[in-house]
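Beneath this line is the structure, given in structure tokens, with notes to follow.
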Amino acid sequence: MKPTLLLLALAFTLHAEDWPQFLGPRRDGSYAGTGLAARWPADGPKILWRKNVGTGWSGATVAEGKAILFHRSGNDEIVECVSAASGKVLWKHSYGSDYRDQFGKDNGPRSTPAIADGRVYTMGAGGVVTALDFKTGKALWRVDTARQFRASIGFFGLACSPLVHGKNLLLNIGGENNAGIVAFDTRSGKLRWKTSTDNTSYSSPMIAKLDGQNRALFFTRAGLEAVAPDTGKTIFKFPWRPAIQASVNAATPLVSGNWVFISTSYGKGAAVLATKDDATETVWARDGVMSNQYATCVLQDGHLYGFHGRADVGGCELRCVELKTGTVKWSQPGLQSGTVTLAKEDLLVLTERGELLRAPANPAGFRPTGRAQILGFNTRAYPALANGLLIARDKNQFICADLRQAE
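Going letter by letter, the sequence shown gives residues 988 to 1394 in the numbering used here.
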């Protein structure tokens, strides 16, 4: 390879990082790539492309320069593969869906696809799980969890984003006959194991090492459940749900060492658990500190950053909370609600109104260094940040914003 080409390749490698699953490569909302611009233009980051799409709350995922978009048009749920840089459609796969939101809000998918080992995995709002070839979009297998396991659509449809661990595809579906949590073979779609009588929530699981062992952490409708991802054996459970019937645990657990943070809204709040020898001890647990209605916090240098409160009742506050004590360091009202992504040491806050803000993750205060209106209202889906490109959606469209530094 010529020296110039080698240097270019090395430079790309330095800042390149894909976003192949919900909440990114580490399932914690963090982006470790470099090469982001230190400042944005006065009119905001350049928008490379816009694409009108159907309904849904599913975020994009990105690998190998290709983005997977999941949405619904008419009676079809649609999986599209597009160029991350241009938005050009590379392939499309669709199948029929009869899911109807009982509150008449949105019939599209809630779950974010996963890309792993040359395959794309999705779960629709009605519980249809699919595996597609990442290169071609060819359908490889499909499981209707509502039909096979009587998976419950709950209040707002099935929303768990697939988690791939080895040969297992893990999901919280709230099925009957001990099929609350299931694992499918990633190659065949056959059931590998099932466990739990808990109902499904709107949270997606993550894998963490606790006491040196891999544990899949599910925040079901009833609370936290730790499972051995290879066998389905339940390791421990910690009840944590609002007292109201409409319990909708939605945020993904966060892990720091052997500590696990969980949070919900509706009068319950947050808890930090210390795990040891497959058991838990409560570090702190209370309401009024960091109550996540639907969006997961990020963790930086021992501090949590996320939205506290209910978007539908009085709005939310963006907050910084010390993990070890639950002390609120600062609160920022006026942003309504949204999602938070950690880009190295900066927060990228995408509000429900479609405004993107950038600020240092600093427990001393919230001081934005950039802000731009990049989308419209109803921006609830999580963005994907891959190789310096931010792909996000509102009610009607996906967009790609270029956050890279100029070459």
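All C-beta atoms, glycine included, are put in the ideal place defined by N, C-alpha and C.
Apart from the five residues on each side of it in sequence, which residues of its chain come closer than 7 Å, Cβ to Cβ, to A1266?
-> F1223
E1309 versus A1237: straight-line alpha-carbon distance, rounded | 21 Å
Alpha-carbon to alpha-carbon, E1064 and T1312 = In this model, T1312 and E1064 are separated by some 44 Å (Cα to Cα).
Nearest to A1233 (by Cα), restricted to the options T1218, W1246, T1239, S1252 | It is S1252.
Which whole-angstrom value describes the C-beta separation of A1373 and W1006, a residue pair presumed to lie in contact below a C-beta threshold of 8 Å?
-> Right, their Cβ atoms sit about 4 Å apart.
F1171 - containing beta strand (DSSP E), residue span = 1166-1172
In angstroms, rounded to a whole number, what distance separates the CA positions of P1350 and W1317?
-> 7 Å
Below 7 Å CB to CB, which residues in the same chain sit around T1132 once its five sequence neighbours on both sides are set aside?
-> Within the same chain, T1132 has close Cβ partners G1114, V1116, A1138, I1160, G1162.
Does DSSP classify Q1319 as helix, strand or coil?
-> strand
For V1270, collect the residues of the same chain with a Cβ closer than 6 Å to its Cβ; drop the 5 residues on either side in sequence, then sort them by chain order.
-> V1259, A1261
Cα separation between K1331 and Q1135?
-> 43 Å
Could you tell me which of F1090, L1197, P1096, L1077 sits nearest to D1120, measuring between CA atoms?
-> Checking every option, the nearest Cα to that of D1120 belongs to L1077.
Just confirm the distance between the C-beta atoms of G1111 and S1084, as a whole number of angstroms; I'd bet it's less than 8 Å.
-> Going by Cβ atoms, the distance from G1111 to S1084 rounds to 6 Å, so yes, they are a contact pair.
What are the boundary residues of the beta strand (DSSP E) that F1248 is part of?
-> 1246-1251
For V1214, which option in I1231, T1182, A1230, F1143 has the closest C-alpha, if you only look at C-alpha atoms?
-> T1182
Do you know offhand how far P1226's Cα is from R1306's?
-> Going from the Cα of P1226 to the Cα of R1306 covers about 25 Å.
Between which two residues does the beta strand (DSSP E) containing T1132 stretch?
-> Run containing T1132: none in the beta strand (DSSP E); it sits in the alpha helix (DSSP H), 1132-1136.
L1376 and A1072 closer than 8 Å at C-beta | Against a cut-off of 8 Å, the Cβ pair of A1072 and L1376 comes out as a contact.
Exposed or buried, D1185, counting other C-beta atoms within 10 Å across all chains shown (16 or more means buried)?
-> buried
Could you work out which residue in D1274, V1169, D1381, V1276 is closest to H1058 when comparing CA atoms only?
-> D1381
Minimum C-alpha distance to L1334 - residue among V1049, G1016, Q1008, P1012 = G1016
Which one or two residues does DSSP pair with S1070 in a beta bridge?
-> K1053
Three-state class that DSSP yields for N1383 in the structure shown | coil
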